[in-house]
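Residue numbers (my numbering), protein chains in the order written: chain P, 1241 to 1423; chain R, 1241 to 1423.
Here's what the structure looks like:
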């Protein structure tokens, strides 16, 4: 086996990621066979599975990457940024929307999913606790209720964007602002 | 061909509906083969397709039925009723959540979908226009923005419920109330 540089491995890993995203988006998790993954990545199954131990690990690595990017946008630009992010860039939504369906009957996978990106989760919780203590958002509801509500909105926006329904960005921002405003 | 009574036909139609719902929920639209539809309904393909011209028509009839029931709950019990309906009864959500994925790349299907249940859509729009003119909900945003927002919430609740995430019914009702309250 030839020794490959770290840089080369990183580039190959990105190539697997990009091709796998196309395959999962077009065919869903189950429909994206190893043959289709080979075709979309331009790499052999041996090469693909030297970067990810299984198709599930590859899929979850994509999903975790999407989740981290979403949390980064949220921390940098607030929830309005999240709404704009979903409205502007639909390519990742096919993978995102396959996750809940896969979690439904698999509690082990659900536990694994909930443990993703704990640092980001923690920073978001701190951010919202700070907004509450500053009086910028309501404090008559527990943070968990607000987090749940915003999570529901993200998933709903993802469904509509993936279905080709135009998102009313400014209207949604205004309605969320009112929902969270101090009462 | 023996002549069958209207009552018998209606009962058979319900049998097809119930079996097809199970098949679509377990295997998705593409995965629910005609053989699986036969197994779940306990009827031959000849019988099934005497009630619905195609698998797509059968699927859309289920989806239209779900949409009509959702609109009925909304008209009878308000949006709080819709939230409770989604939280209480997840069996129909697998079909509901397959629709946006199918609409994504099929503009003909999207047009057909948008023309579903126009009477219910019309009554809901009238209801919300009435709430605006009574001052019960805000009138600084167009009705379309409010309708879009509530549609996003419904889809997001459906995703989370289908994934097995417990829905915070009372928190969601309170946050929606604040979002729509006159400003």
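Cβ coordinates follow ideal geometry from the N, Cα and C atoms, glycine included.
Since this is a predicted model, take the numbers as computed values, not measurements.
- No Cβ of chain R is located within less than 8 Å of the beta carbon of residue 1303 of chain P.
- For residue 1389 of chain P, the chain R residues whose C-beta falls within less than 7 Å of its own C-beta are 1411, 1412, 1415, listed in chain order.
- The DSSP-derived three-state label of residue 1293 of chain R is coil.
- Taking 8 Å as the upper bound for CB-CB distance, residue 1335 of chain P and residue 1264 of chain P are in contact here, some 5 Å apart.
- Given a length threshold of 4 residues, each whole run of the alpha helix (DSSP H) inside the segment 1311-1363 of chain R is given here in chain order: 1333-1343, 1347-1354.
- Using a CB distance below 9 Å, no part of the segment 1310-1322 of chain P faces chain R.
- Neighbours of residue 1408 of chain R in chain P, taken as residues at a C-beta separation under 8 Å, are given in chain order as 1384, 1385, 1388, 1389.
- By the criterion of at least three beta-carbon pairs nearer than 8 Å, the segment 1298-1310 of chain R is in contact with the segment 1331-1349 of chain R.
- Going by C-alpha positions, residue 1381 of chain R is about 42 Å away from residue 1292 of chain R.
- Residue 1416 of chain R sits in a helix when the DSSP states are folded into three classes.
- Rounded to whole angstroms, residue 1325 of chain R and residue 1310 of chain R show a C-alpha spacing of 8 Å.
- Contact check for residue 1327 of chain P and residue 1401 of chain P: beta-carbon distance about 6 Å, within the 8 Å limit, so the pair qualifies.
- It is roughly 43 Å from the alpha-carbon of residue 1350 of chain P to the alpha-carbon of residue 1249 of chain R.
- Around the beta carbon of residue 1384 of chain R, fewer than 16 other beta carbons lie within 10 angstroms, which makes this residue exposed.
- Around the C-beta of residue 1396 of chain R, 16 or more other C-beta atoms lie within 10 Å, and the residue is accordingly described as buried.
- Segment contact: the segment 1365-1375 of chain P against the segment 1368-1375 of chain R, fewer than three CB-CB distances shorter than 8 Å; contact not assigned.
- In this structure, the CA atom of residue 1289 of chain P is about 57 Å from the CA atom of residue 1247 of chain R.
- When secondary structure is reduced to three states using DSSP, residue 1273 of chain R falls in the coil class, being assigned neither helix nor strand.
- Judged by DSSP secondary structure, residue 1399 of chain R falls within the alpha helix (DSSP H) whose first and last residues are 1383-1402.
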